[in-house]
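Student: Residue numbers (my numbering): 25 to 832.
C-beta: ideal position from N, C-alpha, C; glycine also.
Below is one structure. I have some questions about it.
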Amino acid sequence: MSRKYICIHGHFYQPPRENPWLNKVELQESAYPYHDWNHRINAECYVRNSASRILDEDGKIEAIMNNYAWMSFNIGPTLLAWMENETPETYKAILEADKESMELFSGHGSALAQAYNHLIMPLANERDQETQVIWGIEDFRSRYKREPEGMWLGETAVNTSTLEMLAKHGIKFTILSPYQAKRVRKIGTKEWKDATHAKVDAKKAYKCKLPSGNEIALFFYDGPASQGVAFEGLLNNGVRFAERLQGLFSNNQDLELAHIATDGESYGHHHKLGEMALSYCLDHLEKQEGINLTIYGEFLEKFPPEYEAEIIENTSWSCYHGVERWRSDCGCNTGGHDDWNQKWRAPLREAFDKVREKLITLYEEQMQPYTSEPWEVRNRYIKVVLNRDNENVANFLKENFGDQLSEDDKVKLLKLLEMQYHTMLMYTSCGWFFDEVTGIESMQDIFYATRAVQLAEEVSGNKYEPDFIESLKKIPSNLPEYGNAYAAYEKVVKPMELDMIRIGAHYAISSLFEEFPEEVTLYNFSATVKSSHYYEAGKQKLIIGRTEFRSDITWEKVDISYAVLHMGDQHLFGGVRKYMGAEALEGLHTQIAEYFEKGNVYEIFNLMDTHFGNHNYSFWHLFRDEQHHIMKLVMENNLTGAEGAMQQLYDNTYPLLKTFQEINMNVPARLKLPVEMAVNNRLVKELKKEELNFRELEKQLKSAVAIGANLDLVTLDFLVDQRLTELMKNFKESPEDLEQLHFINRLIKLIDESPLNPEKWESQNIIFGIKEKYYTQMTEKSAAGDEDATQWVEAFRHLEESVNLVVE
């Protein structure tokens, strides 16, 4: 058998983007038409690698491949947690790929674990290093249902203590840059060879013997080929990609492993259709004689290292100066701002280190009455992070602290552990990677630090924020409008900070626009309605009530009274406070309802000031997604009349617009813009209807083409794609439904003849699956004389052709 092996590793990762008070990624307009960047990158990369296309010579889809099953990969635990909740189909496909890979690679899975939240391990203290490794392993076990063999280190940042921690916890290998090797030698010999400046032979596996007596295997990836994928257009051609990897081998019979490692997002997000180049490359290599696709665990079992290596301490794959990018103004940056510096990096780390050290003291002091092993409890807390169901959390508390805890004890302990969780998250490496401290990555880490500080204050009653603020004031910004990180903290972080009363305010205001059931989950809070009174008069609305809230994270409870007045549009005024008692609430209810019926708004304001004091809230206190939702409602209401006028203008001027088009004359902007708004609005509304009216859609599209209207293709293509996917899913449920098949064909024909150009990606997957399951069966029925089956086969072949599948 050939002794030439190839392995491609993808490091799939996004920094956690969740609001730390809600555990939810909020709306990010820059990711439009997707809700946020995680969803967008999933659509461009993560899900596409689970069902990537291989094309034939005519550019038709002849196979669909789950790349994850054929490559080595790791996916960050925080990203996997997001996928599990937000894109379960992607998540399931990834887990299935790992199982499939075990059949392909001698029982070894293609997935690697990752140190939990991508902090820079050499810059962490030993206790945090251990928690990162334990959490990464436990997260991996819970998802893949097996033990991890390898672990990816954030930015491949490494030192000896990091390797010791991996080995201590049973990790067999990690992957490093060739620039991280110090020296190598054949096992059993005395003479070391210099390996600095990437002189290491990347085609071998190496054993690293550690001071403790433990050892771990190291794989140094091929630097130039990895660079070719990431930055030199190697993904423009799958054949050239495969040939580049094959070209790494020597012209001899020696055992060699050609392997690369890059950001997984290269395959589809950074490079459009990069996942298809990867599929073609993997498929091409699999069919080549003399080439063996492999993954690291399989290769290590088959060929234990014959060489040993030592590393250069405190190095990484993305900083020429070791790990300085995450603690100093070393010169490494993303470019584009020659007049900027990164002098903010050192004081940002110092600020976080101060927070960490203070919270270590607090944590140990507060835990002392409950346990003699507070840090071991923190290590085990990952089991709660992975499953916050009440029963699981209750079992965790009982196992670690006994069954004599009061409700206040439970809240306190959960707050302490959440405090430590966010202290970990605040060191996520992306906070230092980029060029400016007020960028979203650095601010996200400051969000986590703020949450940790808030929890510390709630547990202890002490003030930790003032010292944190002083540290932020010492962190310079490159942007004059900020000057320092504290200004950004005041503008961006503080308005987002929540407590239980603010959660109540959000609920109270939202309840004017949405009818909640008696018990409802709101993000990571549970709400139970105790009383609610709703009034409406014209545009004005009023709600008064009492609701009990419980945090599903810390189990903290609060009982609130509230009153909210909506005066139309986004104009809201509300008061929220801890429950004032039945008599006081009923008194407020009676008075405020009386004033509302009389239309006496000013007296309502006075009553709210009297009862709620400074606990007044408005539209600006809503969470971002609800702000967006309410603004859309307001906009729809306000635009109803305007849309009618625009529609009338369109109807009245349609013949004129056609004439402009026919004589090749530009339509005046004052006529063109409102007409195009009307055209796009009509199409959007039609595509969003519960029942799609084919004739109406056809009429609107033909009219738009006839007058040369500029269509909002980003929005319309997205909506058409969603509609097609929905129809395909329905067809999948009833694949013999000939009428439905004909309708889909007519719709696709209409779309193809219009300016619209939806991707049809999910539709292709569904049709491919239907073909594998039903096509042979239907052709056999057709051959036996079944007329309906004959029509089905003909229509299905037409459908395959229309979505670019190979037609048999």
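1. Let's see if you can read the secondary structure: which residues bound the alpha helix (DSSP H) around L765?
2. So, helix, strand or coil for C454, using DSSP?
3. Given that a residue counts as buried once 16 or more other Cβ atoms are within 10 Å of its Cβ, and exposed if not, what is Y833?
4. Starting from N98, trace the beta strand (DSSP E) in both directions and tell me its first and last residue.
5. Taking three-plus beta-carbon pairs below 8 Å as touching, is the stretch 304-313 in contact with the stretch 115-124?
6. Alpha carbon to alpha carbon, how far is K378 from E53? Give it in angstroms, no decimals.
7. Considering only DSSP beta bridges, list what I384 is partnered with.
8. Going by DSSP, which residues form a beta bridge with D218?
9. Considering only the alpha carbon of each residue, which of H142, R41, E796 lies closest to T452?
10. To the nearest angstrom, how far is the alpha carbon of E618 from that of H652?
11. Can you round the beta-carbon distance between I240 and K196 to whole angstroms, since I take them to be within the 8 Å contact cut?
12. Give the secondary structure of W341 by DSSP, where H, G and I count as helix, E and B as strand, and everything else as coil.
13. Pull up the DSSP beta-bridge partners for C31, would you.
14. Taking the C-alpha atoms as reference points, what is the distance between C354 and Q366?
15. In terms of residue numbering, what span does the beta strand (DSSP E) encompassing P54 cover?
16. Which residue spans inside the stretch 484-565 form an unbroken beta strand (DSSP E) run of at least 3?
17. Beta strand (DSSP E) containing C861: first to last residue?
18. Helix, strand or coil for F244 per DSSP?
19. Apply the 10 Å Cβ neighbour rule to V409 and answer buried if 16 or more other Cβ atoms are within range, or exposed otherwise.
20. With distances taken between CB atoms, is the gap from I406 to W159 smaller than 7 Å?
21. Does M145 pass the burial test, meaning 16 or more other C-beta atoms within 10 Å, or should it be called exposed?
22. Does the Cβ of P759 have 16 or more other Cβ atoms within 10 Å, making it buried, or fewer, making it exposed?
23. Just tell me which of N640, D576, S642, I616 has its CA closest to the CA of L631.
24. Check the DSSP bridge columns for K223 and list the partner residues they point to.
25. Candidates V553, I199, D649: which alpha carbon is nearest F573's?
26. Could you compute how far the alpha carbon of G257 sits from the alpha carbon of L234?
27. Could you name each continuous alpha helix (DSSP H) segment of 4 residues or more that falls completely within the stretch 136-208, going from the start of the chain to the end?
28. Using the three-state DSSP reduction, which class does A733 fall into: helix, strand or coil?
29. At the level of alpha carbons, what is the spacing between F265 and T318?
30. Start and end of the alpha helix (DSSP H) containing K622?
31. Less than 7 Å separating the beta-carbons of I161 and M95?
32. Does the Cβ of S76 have 16 or more other Cβ atoms within 10 Å, making it buried, or fewer, making it exposed?
33. So what's N640 in DSSP terms, helix, strand or just coil?
34. Decide if F718 is buried, meaning its Cβ has at least 16 other Cβ atoms within 10 Å, or exposed.
35. Determine the direct distance from the alpha carbon of T800 to that of I772, and round the result to whole angstroms.
36. What three-state label does DSSP hand K84 in the structure shown?
Tutor: In brief:
1. Unbroken alpha helix (DSSP H) run through L765: 762-776.
2. helix
3. No answer is possible for residue 833: it lies beyond the span of the chain, which begins at 25 and ends at 832.
4. 96-99
5. no
6. Each residue's alpha carbon lies about 34 Å from the other.
7. Partner(s): none; I384 has no beta bridge.
8. R207
9. The candidate whose alpha carbon is nearest that of T452 is H142.
10. Straight-line measurement puts the Cα of H652 at about 32 Å from the Cα of E618.
11. 7 Å
12. It is coil, neither helix nor strand.
13. H283
14. 8 Å
15. Checking the sequence, you will find Ser at residue 54 rather than Pro. No beta strand (DSSP E) contains S54, which DSSP labels as neither H nor E.
16. 543-546, 549-561
17. For residue 861 there is no data in the structure shown, the boundaries of the chain being 25 and 832.
18. strand
19. buried
20. yes
21. buried
22. buried
23. Closest by C-alpha distance to L631, out of N640, D576, S642, I616, is I616.
24. None; K223 has no bridge partner.
25. V553
26. 39 Å
27. Taking 4 residues as the minimum length, the alpha helix (DSSP H) runs contained wholly in the stretch 136-208 are 150-168, 184-192, in order along the chain.
28. coil
29. 17 Å
30. From DSSP, the alpha helix (DSSP H) with K622 extends over 606-622.
31. no
32. buried
33. Strand at N640.
34. Here F718 is exposed. Its C-beta has fewer than 16 other C-beta atoms within 10 Å.
35. 24 Å
36. Residue state, collapsed to three classes: coil.
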